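**Q**
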Amino acid sequence: MNYFTGSDDYVLSPSLRDNVNVSIALGRPLIVKGEPGTGKTLLAHSIAKGLNKRLIIWNIKSNMKAREGLYVYDTVQRLNHARFGDGDVSDIKRYIKLGKLGEAFASPEQVVLLIDEIDKAELEFPNDLLNELDEMSFYIPETGETIKAKHRPIVIITSNSEKELPDPFLRRCVFHYIEFPEPELMAEIVKVHFPHIEKTLLREALKRFYWIREFDMLRKKPSTSELIDWLQALIVGGIPPKEVEKQIPFVGVLLKKKEDIDLVEKSGKTHYAFNSSGRTRDVY
Amino acid sequence: MFIDFFFRLKAYGVPVSIHEWITLHKALALNLNNCSLTSFYHIAKAILVKHEIHFDRYDLAFLDTFEDVETTDEMLEEILNGLKKVKELHLTEEEKRQMQELNLDQILRNFEEQLREGHYRDHVGGNKAIGTGGRSTQGAWGYNPAGIRIGQGVSRHRRAVQIAERRTFRNYDSAVTLDTRQMKVALSHLRSLLPIGPGDRLNLEETIDATCRNAGEIEFVWENKEKKASKVMLLMDVGGSMTPYAELVSRLFSAASSQIHKFKYFYFHNCVYQDIWIDIERNQSRSTMDILKSEDDDYKVIFIGDAEMAPSELTWVNGAIDYWYHNDTPGIVWLKRFREKFKNSIWLNPLPKRSWDYIQTIRMIRGIFPMFELTLDGLDEGVQYLISGKSALARA
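Chains as they are written, first to last, in this note's numbering: chain E, 477 to 760; chain H, 13 to 408.
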């Protein structure tokens with residue numbers, strides 16, 4: 477049986493590890509949710525690496541239909557071929573192209589399938605996949621073929637909760653919410669990316685980072701990936717840790733909205749940011 | 013007790029289905045939880061709970077059901093607390109041989125006895141009891157080849173009940189907070205299907221038709237994709253008693269403007285009269301009558317305000333709170349006009365629902381608009397209400 481214990485470039489919490497193994501053992505898709513930048517997509521990469529399996533990535537776009545993941549029947553090409561007489565048009569199979577899901581089913585060995593950002597698509601999208609993910613098979617009416625998975629792929633689905641997923645879909649999945657890491661875990665994560673980082677710099681940077689995240693009023697809280705970028709900038713810029721203590725160099729890497737930057741900068745002096753909106757004029 | 017857990021979850025408002033409950037039993041049958049309550053806590057959460065806003069309720073139900081359960085994790089933890097690391101013991105060859113003669117049964121019996129007597133606390137050295145650095149058959153960092161080693165590793169798990177007790181997810185509970193992202197999700201339901209955007213879908217029938225007309229020369233016909241779009245009008249109360257909620261409202265505003273295709277917003281103070289402001293400082297205004305006449309009536313209108321004011325502000329001519337402002341039509345008439353024109357309209361109130369019955373003007377406004385709380389639950393409910401068309405029906 478497959479038992480996932482993590483890989484050396486991904487810091488795994490015990491509960492996430494348990495849930496991954498449960499989803500593998502039960503053959504159910506694992507839905508991973510969490511704040512942006514908490515490593516949802518990387519999890520699938522890590523599972524593929526840890527279990528030594530091929531990874532198939534299906535990136536979902538807003539205009540995608542569920543059927544595209546199964547197969548595409550290229551009518552236009554067939555029409556073109558018929559028109560100009562090149563190729564054997566009578567063989568429909570030549571114009572059936574398997575999508576990512578179809579590819580995962582048809583693969584001779586077990587694969588890891590990552591369905592990335594499923595919430596980008598329309599609301600009906602997950603519902604259209606219900607049966608296919610349950611049975612791990614689908615039927616192509618054009619050729620009368622049924623594609624059935626030889627080994628149930630390990631399915632990881634990520635969601636940014638831009639849209640809610642439908643209940644019947646959720647019922648069939650195992651759900652994990654990646655919490656934002658605590659400072660200790662964060663230090664571990666950073667060390668995976670920068671093994672030789674200076675201790676004082678890391679400490680000061682983390683202190684700053686969690687201080688910024690404390691602000692309730694932020695439009696967009698900085699996430700792990702922004703912290704990593706910021707540390708990279710600090711290291712490349714050769715900023716001494718003392719500087720980080722005094723101010724926030726390269727604040728644009730952490731905060732992406734003008735209002736947020738203003739808020740943090742103002743709050744350096746007063747407690748303004750915590751209790752005022754500055755928007756209303758008359759107070760009766 | 014187990015089935016109790018299921019019903020407790022239901023009682024706490026976690027939507028669990030039989031389907032998921034059976035899946036959990038499958039997982040337990042495979043012993044995926046490794047007989048540990050902590051793992052069980054995580055696994056059951058992953059299988060039964062599908063939204064982070066229910067995590068807190070899950071924690072509460074878990075606490076209720078399993079609070080008094082003693083598990084092996086727990087016992088171990090207690091023993092570990094009694095053990096502190098001391099220097100390793102160096103023994104002569106003869107002593108080592110002596111100890112090897114003990115068999116496992118004896119050791120286990122002895123271990124249980126010691127545990128019952130609670131000898132493990134503050135015990136360092138020694139030959140018999142659980143402790144550290146001794147020659148006893150139990151304990152850590154000691155020396156006995158046949159002994160039971162307890163807790164030389166560092167415990168990585170916390171007890172499940174402790175985790176549940178921490179209730180880290182309290183803030184995710186849908187009745188509490190509203191951040192921009194959550195609002196976006198709620199508001200995105202407002203979008204309904206309208207064909208918009210460039211044509212990027214091949215219309216097969218039309219293409220064949222056009223190709224035939226074109227004497228076999230292929231002619232593609234593309235058509236519009238359906239995209240979600242909606243028309244929403246937001247009217248916000250600013251100033252006065254709404255000041256504490258200004259930040260909340262502005263978040264809703266920023267969520268709405270990014271989420272909705274046709275989005276109009278206006279401001280008012282306490283109640284709507286013949287002018288309505290188009291900026292938050294209330295300098296620029298537009299005639300309310302003009303809005304009522306010229307805007308399409310399929311706008312979904314959302315009022316946001318605490319609806320708390322002097323009754324005169326609603327019912328009197330010249331009742332407006334601004335002293336210099338003269339209104340010859342009472343505010344409540346304007347509100348009714350809005351309701352007449354825009355069939356799909358609701359009122360969101362940041363005040364908690366339980367207080368609504370005590371405030372006269374809230375009762376009056378609730379008579380005109382369906383009112384919802386300005387929390388994630390309330391927003392969701394309100395949006396559902398709008399798109400289901402109930403709002404238009406309730407008017408009669």
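Glycine included, each C-beta is placed from N, C-alpha and C at the ideal position. Here the structure is a predicted model, which means the values were calculated and not measured.
Taking Cβ to Cβ, would you say Ala520 of chain E is nearer than 8 Å to Ile632 of chain E?
**A** Within the first sequence, the letter at position 44 stands for residue 520 of chain E. Within the first sequence, the letter at position 156 stands for residue 632 of chain E. It is a contact, given that the beta carbons lie within the stated cut-off.
**Q** Per DSSP, Asn535 of chain E is paired with what?
**A** Here residue 535 of chain E refers to the residue found at position 59 of the first sequence. Residue pairing by DSSP places Asn535 of chain E opposite E:Asp592 in a beta bridge.
**Q** Buried or exposed: Cys224 of chain H, going by 16 or more other Cβ atoms within 10 Å of its Cβ?
**A** If you number the second sequence from 1, residue 224 of chain H lands on position 212. The residue in question, Cys224 of chain H, is exposed, as its Cβ has fewer than 16 Cβ neighbours within 10 Å.
**Q** Using alpha carbons as the reference points, say which of H:Arg351, H:Met383, H:Ile288 lies closest to Arg366 of chain H.
**A** Taking the second sequence and counting its residues from 1, the one referred to as residue 366 of chain H is at position 354. Nearest of H:Arg351, H:Met383, H:Ile288 to Arg366 of chain H, Cα basis: H:Met383.
**Q** By the three-class DSSP mapping on this structure, what secondary structure does Val631 of chain E have?
**A** Here residue 631 of chain E corresponds to residue number 155 of the first sequence, with the count starting at 1. Val631 of chain E falls in the strand class under three-state DSSP.
**Q** In terms of residue numbering, what span does the beta strand (DSSP E) encompassing Phe685 of chain E cover?
**A** Within the first sequence, residue 685 of chain E is the residue found at index 209, counting from 1. Looking at the DSSP string, Phe685 of chain E is not in any beta strand (DSSP E); the run it does join, the alpha helix (DSSP H), is 675-689.
**Q** Around the C-beta of Ile15 of chain H, are 16 or more other C-beta atoms found within 10 angstroms, so that it is buried, or is it exposed?
**A** If you number the second sequence from 1, residue 15 of chain H lands on position 3. The residue in question, Ile15 of chain H, is exposed, as its Cβ has fewer than 16 Cβ neighbours within 10 Å.
**Q** So what does DSSP say about Thr514 of chain E, is it helix, strand or coil?
**A** For this step, residue 514 of chain E is matched to residue 38 along the first sequence. Three-state result, Thr514 of chain E: coil.
**Q** Whose CA, out of E:Asn556, E:Leu574, E:Pro629, E:Glu719, lies closest to the CA of Glu618 of chain E?
**A** Taking the first sequence and counting its residues from 1, the one referred to as residue 618 of chain E is at position 142. When only C-alpha atoms are compared, the closest one is E:Leu574.
**Q** Starting from Ile380 of chain H, trace the alpha helix (DSSP H) in both directions and tell me its first and last residue.
**A** Mapped onto the second sequence, residue 380 of chain H falls at position 368. Segment: none, Ile380 of chain H is in no alpha helix (DSSP H) and carries neither H nor E.
**Q** Looking at chain E, which residues of the stretch 24-49 of chain H have a Cβ within less than 7 Å of any of its Cβ atoms?
**A** Ser29, His31, Glu32, Thr35, Lys38, Ala39, Leu42, Leu44
**Q** Kindly list, in the order they appear in chain H, the residues whose Cβ is closer than 7 Å to that of Arg570 of chain E.
**A** Position 94 of the first sequence holds residue 570 of chain E. Residues of chain H passing the Cβ test: none, with the nearest at roughly 19 Å.
**Q** Out of H:Ser242, H:Ile230, H:Tyr279, point me to the one whose CA is closest to Met254 of chain H's CA.
**A** Here residue 254 of chain H refers to the residue found at position 242 of the second sequence. When only C-alpha atoms are compared, the closest one is H:Tyr279.
**Q** According to DSSP, which residues form a beta bridge with Leu214 of chain H?
**A** In the second sequence, the residue the question calls residue 214 of chain H occupies position 202. In DSSP, Leu214 of chain H forms a bridge with H:Trp234.
**Q** Tell me the DSSP secondary structure of Glu385 of chain H in three-state form.
**A** On the second sequence, residue 385 of chain H is found 373 positions in, with the first residue counted as 1. Correct three-state label for Glu385 of chain H: strand.
**Q** Closest by CA to Lys675 of chain E, which one among E:Met612, E:Ile711, E:Glu741?
**A** As a first step, residue 675 of chain E is located in the first sequence; it is residue number 199 there, counting from the start. Nearest of E:Met612, E:Ile711, E:Glu741 to Lys675 of chain E, Cα basis: E:Ile711.
**Q** For Ser400 of chain H and chain E, any beta-carbon pair shorter than 8 Å?
**A** Position 388 of the second sequence holds residue 400 of chain H. For Ser400 of chain H, no Cβ of chain E is located within less than 8 Å of the residue's own Cβ.
**Q** Taking the alpha-carbon of Ile627 of chain E as reference, which of E:Leu577, E:Gly526, E:Leu694, E:Ile568 has the nearest alpha-carbon?
**A** By 1-based counting over the first sequence, the position of residue 627 of chain E is 151. Sequence inspection shows His at residue 627 of chain E; the Ile mentioned does not correspond to that position. Closest by alpha carbon: E:Leu577.
**Q** Please report the straight-line C-alpha distance between Ile536 of chain E and Phe601 of chain E, rounded to a whole angstrom.
**A** Taking the first sequence and counting its residues from 1, the one referred to as residue 536 of chain E is at position 60. Taking the first sequence and counting its residues from 1, the one referred to as residue 601 of chain E is at position 125. Spanning the two alpha carbons is a distance of roughly 10 Å.
**Q** Is Ile59 of chain H close to chain E, meaning its C-beta is less than 8 Å from at least one C-beta of that chain?
**A** Counted from its first residue, the second sequence places residue 59 of chain H at position 47. Yes - at least one Cβ of chain E is within 8 Å of the one on Ile59 of chain H.
**Q** Is Leu12 of chain H near Ile380 of chain H, with beta carbons less than 8 Å apart?
**A** Chain H is shown from 13 up to 408; residue 12 of chain H falls before or after that span and cannot be answered.
**Q** To which residues of the same chain is Leu21 of chain H closer than 7 Å at the C-beta, ignoring the five residues directly before and after it?
**A** Along the second sequence, read from residue 1 onward, the residue named residue 21 of chain H stands at position 9. For Leu21 of chain H, where only same-chain residues beyond five positions count, the Cβ hits under 7 Å are Val28, Leu60, Tyr70, Ala73.
**Q** As a quick exercise: from E:Val487, E:Ile572, E:Asn497, E:Lys722, pick the residue whose alpha carbon is nearest that of Glu621 of chain E.
**A** For the purposes of this step, residue 621 of chain E is identified with residue 145 of the first sequence, where counting begins at 1. Taking each of E:Val487, E:Ile572, E:Asn497, E:Lys722 in turn and checking the Cα distance to Glu621 of chain E, the smallest one comes out for E:Ile572.
**Q** At a cut-off of 7 Å, is Ala520 of chain E close to the ligand SAM when judged by its beta-carbon and the heavy atoms of the ligand?
**A** Although the ligand SAM was asked about, the structure shown includes no ligands whatsoever.
**Q** Any Cβ of chain H within less than 8 Å of the Cβ of Tyr486 of chain E?
**A** Reading the first sequence from its first residue, position 10 is the one you call residue 486 of chain E. Taking 8 Å as the threshold, the shortest C-beta distance from Tyr486 of chain E to chain H does not fall below it.
**Q** Consult DSSP for Asp16 of chain H and reduce its assignment to one of helix, strand or coil.
**A** In the second sequence, residue 16 of chain H corresponds to position 4, counting from 1. In this structure, Asp16 of chain H counts as helix in the three-state DSSP scheme.
**Q** If distances are taken between C-alpha atoms only, which option among E:Trp534, E:Lys722, E:Leu731, E:Gln723 comes closest to Leu694 of chain E?
**A** Taking the first sequence and counting its residues from 1, the one referred to as residue 694 of chain E is at position 218. That would be E:Leu731, whose Cα lies nearest to the Cα of Leu694 of chain E.
**Q** Starting from Phe67 of chain H, find everything on chain E with Cβ-Cβ shorter than 9 Å and list it in chain order.
**A** By one-based count along the second sequence, residue 67 of chain H stands at place 55. By Cβ distance, chain E contributes Tyr653.
**Q** Only counting the same chain, and skipping five residues up and downstream in sequence, which positions put a Cβ closer than 6 Å to that of Ser763 of chain E?
**A** No information on residue 763 of chain E is available, as it lies outside the stretch 477 to 760 that chain E covers here.
**Q** Counting only the same chain and skipping the five closest in sequence on each side, list residues whose C-beta sits under 6 Å from that of Leu40 of chain H.
**A** As a first step, residue 40 of chain H must be located in the second sequence, where it is residue number 28. Answer for Leu40 of chain H: no residue qualifies.
**Q** Can you pull the chain E neighbours of Lys22 of chain H, defined as C-beta to C-beta under 9 Å?
**A** Working through the second sequence from its first residue, we reach residue 22 of chain H at position 10. Those do not exist, as Lys22 of chain H stays about 15 Å from chain E at its closest Cβ, beyond 9 Å.
**Q** Within the same chain, show all residues whose beta-carbon is closer than 6 Å to that of Gly24 of chain H, passing over the 5 residues directly before and after it, in chain order.
**A** Here residue 24 of chain H is taken as the residue at index 12 of the second sequence, counted from 1. It should be pointed out that residue 24 of chain H corresponds to Tyr in this sequence rather than to Gly. These residues qualify, in order along the chain: Arg69, Leu72, Ala73.
**Q** Counting only C-beta atoms, is Leu216 of chain H closer than 8 Å to chain E at any point?
**A** Numbered from 1 along the second sequence, position 204 holds the residue referred to as residue 216 of chain H. Using beta-carbon distances, Leu216 of chain H counts as an interface residue toward chain E, with a partner under 8 Å.
**Q** Please list the terminal residues of the continuous alpha helix (DSSP H) segment that includes Leu546 of chain E.
**A** Taking the first sequence and counting its residues from 1, the one referred to as residue 546 of chain E is at position 70. Start and end: 542-546.
**Q** Which of helix, strand or coil does DSSP assign to Met612 of chain E?
**A** Numbered from its first residue, the first sequence carries residue 612 of chain E at position 136. Three-state DSSP puts Met612 of chain E in coil, outside helix and strand.
**Q** Measure from the alpha carbon of Asp738 of chain E to the alpha carbon of each residue in E:Val720, E:Trp706, E:Ile688, then state which is nearest.
**A** For the purposes of this step, residue 738 of chain E is taken as residue 262 along the first sequence, with counting starting at 1. Selected option, being the one with the closest Cα: E:Ile688.
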